[in-house]
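So the structure is just underneath, and the comments pick up after that.
Numbering (the working numbering), first residue to last: 602 to 841.
Listed below in structure tokens is the structure:
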């Protein structure tokens, strides 16, 4: 429920820019709309904006096509992919912060990416203070739940908001990953069931052994009592 609310909040923030696409009849206007949408507070998903015909038309403009590429990076790329892609528009301060924040959502998938050194390199940040400020800003924006660990120079991220768009052709890979995960769960469940069955069988065996020993002990006690009783009767002095 929380995830749905976060997505709805992000979609609502994008809504004014979707409405403006109808009047963005020139490539320059559409490119400017992308800059405004990616700079605005609260806009974190951009798939619907990218699907607008006026935005799609930027692919036919040699001058403004880089803005469409930039929108793709904001949708599912990272700051590192921005830095490694040539001829993209420059980022303003708001865009730079947001793209770094969104990159955290992607980098959080791999705990090995979350050391201070790795994050500073991936996000092109000058020092640990800048990194910590960025993580704190992402927490306050409800993008992640995280704790800073300066002693171990690590960021511990415990949850991530589902506010990244899917990259093209990512669904087959996602389905494959889910199938692998499902198979692993099934195998683990089978192993657990086998272990439980073994524990139950071992417990039943021990219970039978205890019952058998109890029967033997009861029989021995009964026989001993019979011998004592028989010995007492036969050993009494008749003349006494």
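Using N, Cα and C, we set each Cβ at its ideal position, and we do this for glycine too.
Per DSSP, the beta bridge partners of residue 757 are 748. For residue 692, no alpha helix (DSSP H) encloses it, and the DSSP letter there is neither H nor E. Of all alpha-carbon atoms in 623, 701, 757 and 755, the one lying nearest the alpha-carbon of residue 639 is that of 701. Where residue 680 is concerned, the enclosing alpha helix (DSSP H) starts and stops at 680 to 684. When Cβ pairs closer than 8 Å are counted between the two stretches, the segment 713 to 730 is seen not to touch the segment 657 to 664, the count staying below three.
Assignment of beta-bridge partners to residue 716 by DSSP yields 755. Contact between residue 709 and residue 715 holds, with the beta-carbon distance rounding to 7 Å and staying under 8 Å. The alpha-carbon separation between residue 650 and residue 728 amounts to approximately 34 Å.
Put simply, the backbone Cα of residue 627 is about 49 Å away from that of residue 750. For residue 647, there is no enclosing alpha helix (DSSP H), as DSSP gives it neither H nor E. Look at the beta carbons and you see the segment 682 to 695 not touching the segment 735 to 748: under three pairs across the two are nearer than 8 Å. DSSP places residue 732 inside the alpha helix (DSSP H), whose first and last residues are 729 to 741.
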